[in-house]
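Residue numbers (our numbering): 2 to 281.
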């Protein structure tokens, strides 16, 4: 009974946030009718940015049969997983990276004047339609990569893929949330936020076995970008060398995103307790 009562408020908050988010997206789409050029630019920007990265990898792999033991088809699957996961992050969580800007411009404190949580309002204050272009590119890459892949796609592979995409989005969100929380008191963390985004975009489309020992260790620990696309793709393909040699470790790696997000939320709440809005 106690567990049921404790779960009810959580479910109610989730339902409320989902409803508010759906309304935000709906009204944002309606508003875009008056700014069709802006929407088109956002769409094209997402396609060009993600597409250029994919084209670079394809061009690179056209000159080599494999990269660190990974075939062209396998590398393309890494790129597809990374791109689709990033699209989810951009659509649902990319506003987290704007916290430093909101602080600098003095707009963050107004989120304390409404009953909705501050973090929920940050996630809702705008809809990033670049995600539409990212999604189109990611799904196109994924369809092509799956068609080219030599493995059979059964329920296991599809389930791992879906969990991998959600996990990739949550990892990016967690990293940005930690930076946002760290900058609540002093600010000036915009460069670090941009640096993390650049690192994720630069490193994750490749098999991380190409890195030397020290950077590879960092990619599994301090900045866990290995779990964005490399390890999940290795699990799909049965390449156990990427996650310690035992399949159980690969499946545990799929929990990295939710675990990091939970830890980041705990840290965010801790920092919010010590944050003092202007005027109290």
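Built from N, CA and C at the ideal position, the CB exists for glycine as well.
6 Å CB neighbourhood of residue i in its chain, flanking five on each side removed
i	result
residue 237	158 and 161
residue 181	97 and 100
residue 251	236 and 244
residue 255	164 and 168
residue 51	84, 135 and 138
Same chain, Cβ closer than 7 Å to residue i, neighbours up to 5 away in sequence not counted
i	result
residue 208	68, 69, 71, 76, 79 and 231
residue 62	68, 73 and 76
residue 105	188
residue 137	48
residue 179	265 and 268
residue 190	101, 180, 183 and 184
Where residue i falls: helix, strand or coil (DSSP)
i	result
residue 43	helix
residue 118	coil
residue 63	coil
residue 154	coil
residue 68	strand
residue 194	helix
residue 204	helix
residue 238	helix
Residue i - containing alpha helix (DSSP H), residue span
i	result
residue 131	131-149
residue 224	It is not in any alpha helix (DSSP H) - residue 224 carries neither H nor E in the DSSP assignment.
residue 81	73-94
residue 257	257-275
residue 98	No alpha helix (DSSP H) contains residue 98, which DSSP labels as neither H nor E.
residue 228	Careful: residue 228 lies outside any alpha helix (DSSP H) and carries neither H nor E.
residue 253	248-254
Nearest-angstrom Cα separation, counted from residue j out to residue i
i	j	result
residue 39	residue 98	21 Å
residue 66	residue 73	7 Å
residue 166	residue 93	13 Å
residue 195	residue 204	14 Å
residue 272	residue 155	44 Å
heavy atom of the ligand ADP below 7 Å from residue i C-beta
i	result
residue 71	Because no ligand of any kind appears in the structure shown, any question about the ligand ADP cannot be addressed here.
Inter-residue CB distance, residue i and residue j (contact presumed, cutoff 8 Å)
i	j	result
residue 282	residue 43	Only positions 2 to 281 of the chain appear in the structure, and residue 282 is not among them; the question remains open.
residue 125	residue 21	6 Å
residue 82	residue 248	Between residue 248 and residue 82 the Cβ distance is about 18 Å, and since that is not below 8 Å, they are no contact.
Contact set for residue i: own chain, Cβ-Cβ below 8 Å, skip 5 residues either direction
i	result
residue 261	171, 172, 175, 176 and 225
residue 277	none
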